[in-house]
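Residue 1 is where the sequence shown starts when you use this note's numbering, and the numbers rise one by one after that.
Heads up, the beta-carbon is just placed ideally off N, CA and C, and yes, glycines get one too.
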Amino acid sequence: MATTKSFDERLDKVRYNEPSLATAQFSRDEVVAYIEAKAQEKTDFGYPYRDVLKLFPRDWWLPSIEAILKARWNADGARCFVDALFQAEPSYFADAPHELLDWNVGFARTMRMLQARPDVAREGLRRMFETRDGSDRWRAAAHLALLDASEEPSLGRALAAVTVPDSSDDAAKRSMSIAQWGLREYGYELRGDTLHRAWPRAAFHLAFPPGYLGGRPKEALEFPPGEALPSTFAFGGAIEGRNAEGGRVRLEHILTLDPVPPGLGVSASRLVLAASLWILEDERTESFYRHHPDGTIETESDEVRPHPAFQSTQVRLVRSPATKRFQSWGEGTDENLYRLGGYPVFVQSPSYPNCIGCGLRMSHLLSLDSGLPLEEPRHGTTEHAWGSGGVANGFWCDDCRISAWSWDCT
Ligand SMILES: [Zn+2]
Numbered sequence: 001m002a003t004t005k006s007f008d009e010r011l012d013k014v015r016y017n018e019p020s021l022a023t024a025q026f027s028r029d030e031v032v033a034y035i036e037a038k039a040q041e042k043t044d045f046g047y048p049y050r051d052v053l054k055l056f057p058r059d060w061w062l063p064s065i066e067a068i069l070k071a072r073w074n075a076d077g078a079r080c081f082v083d084a085l086f087q088a089e090p091s092y093f094a095d096a097p098h099e100l101l102d103w104n105v106g107f108a109r110t111m112r113m114l115q116a117r118p119d120v121a122r123e124g125l126r127r128m129f130e131t132r133d134g135s136d137r138w139r140a141a142a143h144l145a146l147l148d149a150s151e152e153p154s155l156g157r158a159l160a161a162v163t164v165p166d167s168s169d170d171a172a173k174r175s176m177s178i179a180q181w182g183l184r185e186y187g188y189e190l191r192g193d194t195l196h197r198a199w200p201r202a203a204f205h206l207a208f209p210p211g212y213l214g215g216r217p218k219e220a221l222e223f224p225p226g227e228a229l230p231s232t233f234a235f236g237g238a239i240e241g242r243n244a245e246g247g248r249v250r251l252e253h254i255l256t257l258d259p260v261p262p263g264l265g266v267s268a269s270r271l272v273l274a275a276s277l278w279i280l281e282d283e284r285t286e287s288f289y290r291h292h293p294d295g296t297i298e299t300e301s302d303e304v305r306p307h308p309a310f311q312s313t314q315v316r317l318v319r320s321p322a323t324k325r326f327q328s329w330g331e332g333t334d335e336n337l338y339r340l341g342g343y344p345v346f347v348q349s350p351s352y353p354n355c356i357g358c359g360l361r362m363s364h365l366l367s368l369d370s371g372l373p374l375e376e377p378r379h380g381t382t383e384h385a386w387g388s389g390g391v392a393n394g395f396w397c398d399d400c401r402i403s404a405w406s407w408d409c410t
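The structure is reproduced here in structure tokens:
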């Protein structure tokens, strides 16, 4: 659009060289027209939506963005402005959590907003659950349960109430599958009469020693030391395992939990997590490991090739602060996404493997961002990336003592 292009060019000069002159060089009408035009375009990844809000007075842009909200435009660009508004005015959605869910400003940001005013949020979400239907209704229910574990039993009852496995009523079946699909996305499903959550409430962040991650992510070391568990935990290096034929194979050691912190859904007192990074790189699908009582870790694959291990180190486990219990990938912030327990971090749509032992859905145990240092270069670099820079997740079935790994990226 010609109007936004010339605005962009003029704005570029101002925002780099003379940000204080922005108000003098543009009129309010121009800014309003620009925001409206830009909101209807596709997401422009190179464009600093936030700068527009920063450079101009609040009453130049807030009415336009409110209009966007009211019209519920679905354009990508509108979402970017809402996202920018959220960052500029975090209190904006505080009294309207149901509005917030409709605007898809990012999962983690949504959760933080809800957590900031939990009582108001619960009220709004309950209202949304009662007055909406279809997937909106279950999205509200899931957020209620995410926000507050004490809401989970009533979520279970609501799900059980629409669960009609043998019904010949098509409408009832459809409602059931909408509910099931909607809740599975957040890790909830009905097992018998009980609501099952495929991730533990206990959540820790891995805090690596200074310099291990080459200075990133900064937050890894900024948690209050009082919140760290007393011991350190071995991370990285190589370990011997077995393949499906019982032969010795080299696996890459991930993390030894000794002791296993409580609340993770792991009944053993010690757990060694390892995987073949080569299999993970090669297959992209889930790979499974049996953990035998003698400590042997057995991969399902018969072929395992070497891959450089993560540099071995000792990590601390830091109890995740409330604002970091729910995180997601790619919300534009440089966050520590090396997490033990808690809500998984998926890049694409959530996917929990089914255990190869019992067939049930496995529980999330560990999320590992890209950026870990390798002992030797691979593809010309020692900085490990999951695909184009995604996140890997480790899962656990406590009954079968089987772990699983998968990863995804954009
Ligand atoms: Zn199992």
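- Message: Distance check for HIS364 and PRO200, CA to CA, integer angstroms please.
- Response: Spanning the two alpha carbons is a distance of roughly 7 Å.
Check your understanding: Does the separation of the CB atoms of LEU147 and ARG122 fall below 8 Å?
Key -> yes
request  = Go through the residues and name those whose CB comes closer than 6 Å to any heavy atom of ligand 1, in chain order.
outcome  = Proximity annotation: ligand 1 has residues CYS355, GLY357, CYS358, LEU360, CYS397, ASP399, CYS400 and ILE402 in chain order, each selected because its CB is closer than 6 Å to a heavy atom of the ligand.
- My guess is that ALA202 and VAL318 are in contact by the Cβ rule of under 8 Å, so how many angstroms apart are they, rounded? Not quite, the Cβ-Cβ distance comes to about 12 Å (not below 8 Å), so this is no contact.
**Request:** Identify every run of the beta strand (DSSP E) within the region 305–344, keeping only runs that are complete inside it and at least 3 residues long; order them along the chain.
**Result:** 313–319 and 339–341
ask   = Are GLU415 and LEU195 touching if we call contact CB-CB under 8 Å?
value = Since the first and last residues shown for the chain are 1 and 410, residue 415 lies out of range.
Inset, instruction - State the DSSP-derived secondary structure class of CYS400, mapped to helix, strand or coil. - result: The answer is coil: DSSP assigns CYS400 none of H, G, I, E or B.
What is the rounded straight-line gap between the Cα of GLU383 and the Cα of GLU300?
27 Å
Discussion item. What does the Cβ neighbour count give for ALA39, buried or exposed, with the cut at 16 atoms within 10 Å?
Written reply: Sixteen is the threshold: when 16 or more other Cβ atoms of the shown chains lie within 10 Å of the Cβ of ALA39, as they do, the residue is buried.
In the DSSP assignment, find the unbroken beta strand (DSSP E) run with VAL249 in it and report its ends. 248–257
Would you mind stating whether GLN314 and ALA234 have Cβ atoms separated by less than 8 Å?
yes
_Extent of the continuous alpha helix (DSSP H) run through ARG174_ = 170–184
Problem - Inter-stretch contact at 8 Å, needing at least 3 Cβ pairs: the region 21–36 / the region 53–64 - result: yes
| message | Assuming the contact rule is C-beta atoms closer than 8 Å, SER320 and PHE204 should be a hit. Round their C-beta distance to whole Å, please. | response | The C-beta separation of SER320 from PHE204 comes to about 6 Å, placing the pair in contact by the 8 Å criterion.
Exercise. Does the pairing of the region 390–409 with the region 355–370 give three or more beta-carbon distances under 8 Å?
Worked result: At 8 Å Cβ cutoff, the stretches touch.
| query | So, helix, strand or coil for HIS384, using DSSP? | reply | coil
| task | Assuming VAL347 contacts ARG339 (C-beta within less than 8 Å), just tell me the rounded distance between them. | result | Not really, about 14 Å apart at Cβ, beyond 8 Å.
Tell me which residue opens and which closes the beta strand (DSSP E) that LEU366 is part of. Going by DSSP, LEU366 is part of the beta strand (DSSP E) stretching over 363–369.
- Query: Looking only at its own chain, which residues have a Cβ that is under 6 Å from the Cβ of CYS80, when we skip the five neighbours before and after it?
  - Reply: THR43 and TYR49
Check: Can the beta-carbon of LEU417 be found closer than 8 Å to that of SER403?
Finding: Since the first residue of the chain shown is 1 and the last is 410, residue 417 is not available in this structure.
Worksheet item: Buried or exposed: where does ARG316 fall if 16 or more other Cβ atoms within 10 Å of its Cβ makes it buried?
Response: buried
For VAL82, does the count of other Cβ atoms within 10 angstroms reach 16, so buried, or fall short, so exposed?
With 16 or more other Cβ atoms from the protein chains shown falling within 10 Å of its own Cβ, VAL82 counts as buried.
What are the boundary residues of the beta strand (DSSP E) that includes PHE107? Not the beta strand (DSSP E): PHE107 falls in the alpha helix (DSSP H), residues 107–116.
Quick test of your reading: HIS253 and GLY237, contact by CB under 8 Å. State the CB separation rounded to the nearest angstrom.
Confirmed, Cβ separation roughly 5 Å.
| query | Does DSSP put THR194 in a helix, a strand or coil? | reply | strand
Q. Over what stretch of residues does the alpha helix (DSSP H) that includes LEU271 continue unbroken?
A. Run containing LEU271: none in the alpha helix (DSSP H); it sits in the beta strand (DSSP E), 271–275.
Measuring straight from C-alpha to C-alpha, what distance separates ARG184 and SER20? 49 Å
Candidates LYS324, PRO230 and SER351, of which the one nearest THR285 by Cα
Looking at LYS324, PRO230 and SER351, the one whose alpha-carbon comes closest to that of THR285 is SER351.
### Task
Give the DSSP bridge partners of TRP391, in chain order.
What sits at residue 391 in the sequence shown is Val, not Trp. ASP369 and ASP408.
(message) Using only the alpha-carbon positions, how far apart do CYS355 and PRO261 sit?
(response) 22 Å
Item to complete: Provide the residue span of the beta strand (DSSP E) that contains ALA158, from first to last.
Response: ALA158 -> not in any beta strand (DSSP E); alpha helix (DSSP H) instead, spanning 152–162.
**Asked** Can you tell which of SER276, PRO306, GLY46 and MET111 has the C-alpha that lies nearest to the C-alpha of LYS324?
**Response** MET111
Review point. Given a threshold of 16 other Cβ atoms within 10 Å of its Cβ, counted over all protein chains shown, does GLN25 qualify as buried or as exposed?
Key: exposed
* Do you know offhand how far VAL391's Cα is from TRP329's? -> 8 Å
Taking only three categories from DSSP, how would you classify ALA201? According to the sequence shown, residue 201 is Arg rather than Ala. Note: ARG201 maps to coil in three-state DSSP.
Within 8 Å, strictly: CB atoms of PRO306 and ARG250
yes
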